[in-house]
Amino acid sequence: MENNFFEKVYQVARQIPHGKVTTYGAIGQYLGSPKSARMVGWAINKSAKKNVPAHRVVNKQGLLTGKYHFDGVTLMEQLLENEGVVVKNNQIQEMEIYFWDPNKELI
DNA sequence: GAATTGACGTTCT
DNA sequence: AAGAACGCCAATT
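Under our numbering, the residue at position 102 of the first sequence is numbered 130, and the numbers go up by one with no gaps.
The structure is reproduced here in structure tokens:
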């Protein structure tokens, strides 16, 4: 019932499979507003305290922009690498392979 | 109550 | 081609 922006972000973020990552723009696009990527990141900021894997959500560059928001600066990289994602210099390598699009996969 | 900021992305110059 | 500015909506201060 809560078709709020945040609720959608939570739902999508939780359904991201392991070893996969998505971008704020992808989620924003899923919400129907690709320009609202900022709100997505902001929503995830709040969801960081929930069971939402914020470390699987990065910007379109594959850069771990919000790594400083984690408990540790290396925590985000560790989590991603732990799932099999190769992170180098705060950036995801071969992100195209790890990219998970909610519109395409989740429907 | 109003102004500013914010885990981004697109578009214009 | 590269750089700068704008747009989105909500929450925080």
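Heads up, the beta-carbon is just placed ideally off N, CA and C, and yes, glycines get one too.
Excluding five sequence positions before and after residue 88, the CB atoms of its chain that fall closer than 7 Å to its own CB belong to 51, 53, given in chain order. The beta carbon of residue 132 lies closer than 6 Å to none in the same chain, with the five residues before and after it left out. Separation of the CB atoms of residue 80 and residue 38 is rounded to 6 Å, and the pair is thereby assigned contact status at 8 Å. Distance from the CA atom of residue 123 to the CA atom of residue 117, rounded to whole angstroms, is 13 Å. When DSSP states are grouped into helix, strand and coil, residue 44 belongs to the coil group. Beyond the five residues adjoining it in sequence on each side, residue 44 comes within less than 7 Å, by CB distance, of 50, 81, 84, 128 in the same chain, given in chain order. Rounded to whole angstroms, residue 90 and residue 121 show a C-alpha spacing of 8 Å.
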